[in-house]
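For the sequence shown, the numbering used here begins at 1 and goes up steadily by one. Okay, structure first, notes after.
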Amino acid sequence: MQLQSMSENRCITESYVHAEILNEWILTYDQVSAGKFESYLREISFDDIQIYEERFVPSIFQRGLAKKNSLCIGMFSQLSNNAIWLGKNITGHEILSCYDEGEILLRLPENSAFYSLTIPFNLLNDHNLQYNHAKYGHILEAQYSEIFYRKFTQLLNDVLKNSHLIQNSATQQQVKSEILALGDDFLSVLNAHHQPIRVSNQKAQNVVKTVCEVLNDNPDYCYSIEELCHITCTSRRTLQNCFEQITGQSPALFLKMMKLNAVRRMLQYSSTQMTISDIAAHWGFWHLSQFAVDYKRLFGESPSQTMLYKKSKLILC
1 MQLQSMSENR
11 CITESYVHAE
21 ILNEWILTYD
31 QVSAGKFESY
41 LREISFDDIQ
51 IYEERFVPSI
61 FQRGLAKKNS
71 LCIGMFSQLS
81 NNAIWLGKNI
91 TGHEILSCYD
101 EGEILLRLPE
111 NSAFYSLTIP
121 FNLLNDHNLQ
131 YNHAKYGHIL
141 EAQYSEIFYR
151 KFTQLLNDVL
161 KNSHLIQNSA
171 TQQQVKSEIL
181 ALGDDFLSVL
191 NAHHQPIRVS
201 NQKAQNVVKT
211 VCEVLNDNPD
221 YCYSIEELCH
231 ITCTSRRTLQ
241 NCFEQITGQS
251 PALFLKMMKL
261 NAVRRMLQYS
271 STQMTISDIA
281 AHWGFWHLSQ
291 FAVDYKRLFG
301 ESPSQTMLYK
311 KSKLILC
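Next comes the structure, spelled out in structure tokens:
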């Protein structure tokens with residue numbers, strides 16, 4: 001049993017670097033509140049079990065897919081305000097779960113901290129996972145999760161705090177046994193008390209996902225609200241409600257934030273041949289003076305400063 005990866009508590013100043021460290025996931029982190037990006041990440045993986053804690057200073061909208069053939073369990077260790085998970089408000093000690101490339105749509109408030117535990121299906125006892133996947137993409141409410149919340153947060157924090165000890169094979173085996181036992185107990189309770197996703201929540205997820213996909217496929221096109229309503233087969237009011245339910249923002253504001261984050265990633269990855277105006281135009285920003293104002297308001301720096309920092313490779317605190 002070998003230690004697969006270990007990342008100490010790192011201070012990160014770019015969202016794409018945060019995502020790259022968690023390279024076995026398909027995740028995008030979009031900053032949705034004003035200020036400099038800053039995050040912290042502790043991570044350890046062994047025997048295909050992964051544990052990490054991530055902390056964010058700005059508010060973040062996280063989207064992507066769960067790891068394949070795995071159960072992913074998450075909980076907040078710090079919340080300054082409500083989070084939103086798949087359209088459901090998270091207020092404290094609820095435990096979130098997703099599975100086998102299930103959808104991830106998570107709005108994190110400012111100054112939040114989140115634990116994640118991923119366990120491959122083949123290490124878990126038979127809970128009819130292969131037949132009941134739909135049960136594992138939801139929330140275990142605080143009335144049932146409190147005892148597991150305390151046990152999970154204590155265990156995960158102990159492992160991350162003493163990650164150097166996990167290099168010992170005997171310690172790894174003991175930790176693995178504790179994790180799997182707790183995971184199996186959690187699944188038994190989740191089987192009995194899971195809350196299926198409401199039809200309205202599922203529809204809201206699908207609407208937001210569709211709009212994000214359309215935007216990625218045609219980044220330079222400026223879709224009107226009417227066009228987005230036509231694409232998603234919704235009314236203006238329904239479109240508004242769907243976005244507020246999943247992202248906490250209006251469609252227009254969220255798409256603007258998403259595009260600004262995409263520009264920032266391109267500025268950080270772009271070749272020297274691409275100018276700021278080229279990249280802005282690629283994402284549909286034609287009024288460059290307004291784009292520059294909006295960009296600086298969100299990220300606390302100008303687009304030219306982002307390119308300058310890229311050249312000097314200032315990505316870690």
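Note that the Cβ used here is the ideal one computed from N, Cα and C, for glycine as well. It should be emphasised that the depicted structure is a prediction, and the values quoted were computed from it without experimental measurement.
For residue i, which of the options has the nearest alpha-carbon?
i, options, result
"A66", "D47, M258, E24", "E24"
"K36", "L79, P109, E14, Y29", "E14"
"L124", "E141, L187, Q173, N162", "L187"
"V57", "F114, T91, D100", "F114"
"M257", "Y149, S163, Q31", "Q31"
"W283", "S45, L260, E103, N81", "L260"
"P109", "D100, T171, F61", "F61"
"T232", "K209, G248, P219, D217", "K209"
"E103", "G92, K203, N157", "K203"
"D185", "S224, C229, D126", "D126"
"V17", "G92, A281, S289, R264", "R264"
"I183", "S97, H93, G92, Q290", "Strictly speaking, residue 183 in this sequence is Gly, with Ile absent from that position. Selected option, being the one with the closest Cα: S97."
Can you name the residues that DSSP bridges to residue i?
i, result
"K151", "DSSP, once it has assigned bridges, lists no residue as partnering K151."
"G64", "L27, I104"
"L96", "G74, I139"
"S112", "F56"
"Y40", "C11, R55"
"T118", "Q50, C72"
"S85", "Reading off the sequence shown, one finds Trp at residue 85, where the question assumed Ser. Its beta-bridge partners are K88, L106."
Short check: CB of residue i to CB of residue j, under 9 Å?
i, j, result
"S116", "E53", "yes"
"C222", "W286", "yes"
"E178", "L155", "yes"
"L105", "L86", "yes"
"L79", "I90", "yes"
"S250", "E244", "yes"
"I73", "I119", "yes"
"I44", "S163", "yes"
"F152", "M274", "no"
"I21", "L160", "no"
"V207", "L239", "yes"
"H138", "Q205", "no"
"P219", "A262", "yes"
"T28", "A19", "yes"
"R42", "S112", "no"
"S77", "N157", "yes"
For residue i, collect the residues of the same chain with a Cβ closer than 8 Å to its Cβ; drop the 5 residues on either side in sequence, then sort them by chain order.
i, result
"S302", "A292, Y295, K296"
"H193", "L140, E141, Y144"
"L267", "I276, I279, P303, T306, M307, K310"
"N201", "L86, G87, K88, Q245"
"I225", "R236, L239, P251, A252"
"E38", "C11, I12, T13, F56, V57, P58, C317"
Residues in its own chain within less than 6 Å of residue i by CB, not counting five upstream and five downstream?
i, result
"F299", "none"
"N81", "P109"
"G248", "I84, R107"
Enumerate in chain order the residues of its own chain whose CB-to-CB distance from residue i is below 7 Å, with the five nearest sequence positions on each side excluded.
i, result
"K176", "D47, I49"
"R198", "none"
"N69", "D100, P120, F121"
"T171", "L165"
"L288", "S277, A280"
"D217", "none"
"L228", "V211, L239, P251"
Any beta-carbon of chain B closer than 9 Å to the one on residue i?
i, result
"S235", "Considering every chain present, this structure includes no chain B. It has just one protein chain."
Could you check how far apart the C-beta atoms of residue i and residue j are, in whole angstroms? I think they sit under 8 Å.
i, j, result
"I26", "I246", "Going by Cβ atoms, the distance from I26 to I246 rounds to 18 Å, so no, they are not a contact pair."
"L322", "L190", "Because the chain in this structure spans residues 1 to 317, residue 322 falls outside the shown range and cannot be described."
"C212", "R107", "Not quite, the Cβ-Cβ distance comes to about 14 Å (not below 8 Å), so this is no contact."
"H93", "Y149", "4 Å"
Is residue i a contact residue of the ligand ADP, with contact defined as CB to any heavy atom under 8 Å?
i, result
"H18", "Within the structure as shown, the ligand ADP is missing, as the structure has no ligands at all."
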